[in-house]
Amino acid sequence: MTQPSVLREDPLTEDGSDFLAIDPLVVCPQGMFTKAKDMNASTANLFNILKKGLWKWTEDEDPIDNQPNAREDQNKPNWQETEDCLVLNINTPKIPADGEELKMPVIFFIHGGSSTQVWGAPFMGHKFMKHDVVLVTINYRLGVLGALNLGIDDAPGNAAMYDTLTALDWVHKYIHHFGGDKDRIVVYGHSAGSMMASMLLFSPLAEGKFTGVIGASGSALATWGTAEYNSLKHHLEVCFLAGCYPEFVEGEEPAENTDYNAIYACMRDTEEGVLRQALSRYSNKHQKAGGLGFDAKVPSVQHSPLITIPKFLEEMPAEILMKGKQNPANLIMGATRHDGSFAFEDVYKKYLVENNLVDDVDFMKNDLLNQMIKIMKATDKSGAFQHIVGKTYFGDAMKNGKFEEMLPGLIDLTSVWGFKAPAWELVEKHASVNPNSFYYAFDFAGFWSTCDMGGESEIPCGVPHIDDMSFTFQIFPIINEDYQVAERLVKYFVNFAYNGTPNNGSELLFWEPYDPMTHPFLKIDATDSIGYECRDSWIDNALEIV
Numbered sequence: 000m001t002q003p004s005v006l007r008e009d010p011l012t013e014d015g016s017d018f019l020a021i022d023p024l025v026v027c028p029q030g031m032f033t034k035a036k037d038m039n040a041s042t043a044n045l046f047n048i049l050k051k052g053l054w055k056w057t058e059d060e061d062p063i064d065n066q067p068n069a070r071e072d073q074n075k076p077n078w079q080e081t082e083d084c085l086v087l088n089i090n091t092p093k094i095p096a097d098g099e100e101l102k103m104p105v106i107f108f109i110h111g112g113s114s115t116q117v118w119g120a121p122f123m124g125h126k127f128m129k130h131d132v133v134l135v136t137i138n139y140r141l142g143v144l145g146a147l148n149l150g151i152d153d154a155p156g157n158a159a160m161y162d163t164l165t166a167l168d169w170v171h172k173y174i175h176h177f178g179g180d181k182d183r184i185v186v187y188g189h190s191a192g193s194m195m196a197s198m199l200l201f202s203p204l205a206e207g208k209f210t211g212v213i214g215a216s217g218s219a220l221a222t223w224g225t226a227e228y229n230s231l232k233h234h235l236e237v238c239f240l241a242g243c244y245p246e247f248v249e250g251e252e253p254a255e256n257t258d259y260n261a262i263y264a265c266m267r268d269t270e271e272g273v274l275r276q277a278l279s280r281y282s283n284k285h286q287k288a289g290g291l292g293f294d295a296k297v298p299s300v301q302h303s304p305l306i307t308i309p310k311f312l313e314e315m316p317a318e319i320l321m322k323g324k325q326n327p328a329n330l331i332m333g334a335t336r337h338d339g340s341f342a343f344e345d346v347y348k349k350y351l352v353e354n355n356l357v358d359d360v361d362f363m364k365n366d367l368l369n370q371m372i373k374i375m376k377a378t379d380k381s382g383a384f385q386h387i388v389g390k391t392y393f394g395d396a397m398k399n400g401k402f403e404e405m406l407p408g409l410i411d412l413t414s415v416w417g418f419k420a421p422a423w424e425l426v427e428k429h430a431s432v433n434p435n436s437f438y439y440a441f442d443f444a445g446f447w448s449t450c451d452m453g454g455e456s457e458i459p460c461g462v463p464h465i466d467d468m469s470f471t472f473q474i475f476p477i478i479n480e481d482y483q484v485a486e487r488l489v490k491y492f493v494n495f496a497y498n499g500t501p502n503n504g505s506e507l508l509f510w511e512p513y514d515p516m517t518h519p520f521l522k523i524d525a526t527d528s529i530g531y532e533c534r535d536s537w538i539d540n541a542l543e544i545v
């Protein structure tokens, strides 16, 4: 259930015939279809189903209160969250003839979806196939199945990361049959997939399996990217909500004689729908309390002495980075201009509205920013940090505590703390190990936007989380100047796969690598440009959309 995955070497058919990937299972819903309504959905409905996952679930969510046990809800739709989805998809422009070695670089894509939804197949390689590269997209276990860490071999945590390593092993072993070069593999991820791609830098098990990382809107250094060091309490809380650990008491350590194998056995025998409901309640509860609700579904440090299998993560990524012990791959990281607008909408609905705080002027003026600082696990005993951040991102709006006037700063601050700063920090510190470290800001507002996919929203979204994906993958039809932006962005990434740098002396603008004196970055817009002093570019972005 949650153990590390292994490669399947057996034939997929019993008689040696070709395997046809046309069964609905191969579509791999990964927590997005309900069996009751969507499992027989036609290809024509795939776009609408994908929209749900790329935006986020806004209906049929579980109330936060008065639901101590997920087993009470077995009459609700049974959501698909299955381990039968561990497949990968390959796009190649050429199949080598017998004995031929094409040696095309490989772009290995990890999808996002908040570690609980989406799957790899919809991210098709139309744009990349114009170039001599192989595109591989993968699936991995999601939610509880992908993260449960009870400190034992059967539930060691990081199953999603072990799945990623297994997929990389497959690529190393077989990608030459599709014209790929196992010695030039760039791992590209978006959102949670970007966090996972960058997480590979910090695992000794990933050493030598890839040559570069492209991270779009997600970093292992983000507060939401890695569980807190002592993550066991979060996983036990989910087990409690699933009905498998009734002894759980919030704020108390588990008893020394706790039988983690028995807890795992219960979770193993629990229906996937119950596990999903338990994780949903866990997240909703922590978000209402002013937290993030991510610690039970993201990678975690495996410090338990009871884990005897090879450990994916033995220290916090920030500690490994500080020691300079990360894998020295080439690196590109970036974020969209208003990357935090979707995330702040969750904060708005699940924290501010749920607790009737939107119109609480005293709270908005004196306590909200301090709560956000706590979420980021920063220490500010004197209040000086709160004052500086408030002056920088809110200005005079901080004085009156009116939500409407503070909204631009709240969107910008969520963008910075959630996405931009963790990505920039990784580039900045990784550059001391590998100077081929680059940062980009995706500022282009295209004809299509994921803003149009989620219906009415009280929070403006601008150039939000996910928008850049439609420029590297065929999520929307690309027209007009959007096409030129997409062509350039894909070309930068293809260059990176070939050369370890996005530059190749072509017609593209020269993308400057990290420099500690000038802090350069690529600004992707209708016309690309190089900016300097990157952190200064994060201020007042949301004023243009509010």
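Numbering of the sequence shown is given in numbering that gives the first Met the number 0, commencing with residue 0 and proceeding in unit increments.
Backbone N, C-alpha and C define an ideal beta-carbon position, used for all residues, glycine too.
Would DSSP call residue i helix, strand or coil?
i      : result
Lys522 : strand
Ile89  : strand
Ile374 : helix
Ala444 : coil
Pro76  : Confidence is the limiting factor: at Pro76 the pLDDT is only 39, short of 50, which leaves the residue's position unreliable and the question unanswerable from this model.
Tyr259 : helix
Lys390 : helix
His464 : coil
Phe122 : coil
Val170 : helix
His189 : strand
Gly98  : coil
Gly382 : coil
Met397 : helix
His110 : coil
Cys265 : helix
Glu585 : The requested residue 585 does not occur in the structure, where the chain is confined to residues 0 to 545.
Asn355 : coil
Ser536 : helix
Trp510 : coil
Pro407 : helix
Ser4   : coil
Thr115 : coil
Ser282 : helix
Asp361 : helix
Thr413 : helix
Ser469 : helix
Asp451 : helix
Which residues does DSSP list as the beta-bridge partners of residue i?
i      : result
Val133 : Val105
Asn435 : For Asn435, which the question treats as bridged, DSSP gives no partner whatsoever.
Ser528 : Lys522
Ile184 : Val105
Gly214 : Gly188, Met332
Gly179 : Met103
Please determine, among the options, the residue with the shortest C-alpha to C-alpha distance to residue i.
i      : options                        : result
Thr257 : Arg267, Cys265, Glu246         : Glu246
Asn138 : Ala191, Lys401, Asn498, Pro92  : Ala191
Lys102 : Lys310, Phe475, Lys93, Ala422  : Lys93
Lys126 : Met0, Leu134, Glu314           : Leu134
Lys324 : Tyr244, Val300, Ser431         : Ser431
Gln286 : Ile374, Tyr187, Gly179         : Ile374
Glu353 : Ile372, Gly339, Asn283, Asp338 : Asn283
Val212 : Arg183, His175, Asp411, Gly389 : Arg183
Phe341 : Leu240, His171, Ser456, Leu141 : Ser456
Leu406 : Asn494, Val346, Phe384, Glu424 : Val346
Phe441 : Ser4, Met371, Phe418           : Phe418
Asp294 : Phe201, Thr269, Ala226         : Ala226
Val248 : Tyr259, Gly179, Leu278, Leu235 : Leu235
Tyr438 : Pro476, Phe509, Leu412         : Phe509
Lys401 : Val105, Ala154, Leu356         : Leu356
Gly178 : Asn329, Val105, Leu204         : Val105
Let me see if you follow: with CB-CB separation under 8 Å, is residue i close to chain B or not?
i      : result
Glu227 : The structure shown contains no chain B; it holds only a single protein chain.
Indicate, with yes or no, if the ligand FMN has a heavy atom lying under 7 Å from the CB of residue i.
i      : result
Met198 : What this structure holds is no ligand at all, so the ligand FMN is not there to describe.
Segment contact, 8 Å Cβ cut-off, at least three pairs: the region 380-393 with the region 318-325:
Under the three-pair Cβ rule at 8 Å, the region 380-393 does not count as touching the region 318-325.
Counting only runs of 4+ residues fully inside the region 285-344, write out the alpha helix (DSSP H) ranges in chain order.
316-322, all fully within the region 285-344.
For the region 468-485 and the region 496-512, state whether three or more C-beta atom pairs, one from each stretch, are separated by less than 8 Å.
The region 468-485, when compared against the region 496-512, does not touch it at the 8 Å Cβ threshold.
Taking 8 Å as the cut-off, does the region 360-373 touch the region 469-482 (at least 3 CB pairs, one atom from each stretch)?
Verdict: no, contact absent.
Tell me the start and end of each unbroken alpha helix (DSSP H) in the region 138-162 that is at least 4 residues and wholly inside, in chain order.
List check, alpha helix (DSSP H) in window: 142-146.
Three or more C-beta pairs under 8 Å: does that hold for the region 309-317 against the region 158-177?
Yes, they touch.
Is the region 228-236 in contact with the region 297-304, if contact means three or more CB pairs nearer than 8 Å?
Contact between the region 228-236 and the region 297-304 is present, because at least three Cβ pairs lie under 8 Å.
Considering only residues of the region 478-505, which uninterrupted alpha helix (DSSP H) runs meet the minimum length of 4 residues and lie entirely inside it, listed in chain order?
If one requires a minimum length of 4 residues, the alpha helix (DSSP H) runs lying completely within the region 478-505 are 479-498, in chain order.
On the three-pair Cβ rule with 8 Å, is the region 140-159 touching the region 264-274?
Segments in contact, yes.
Quick one: complete alpha helix (DSSP H) runs, 4+ long, within the region 211-253?
The qualifying runs are 231-240.
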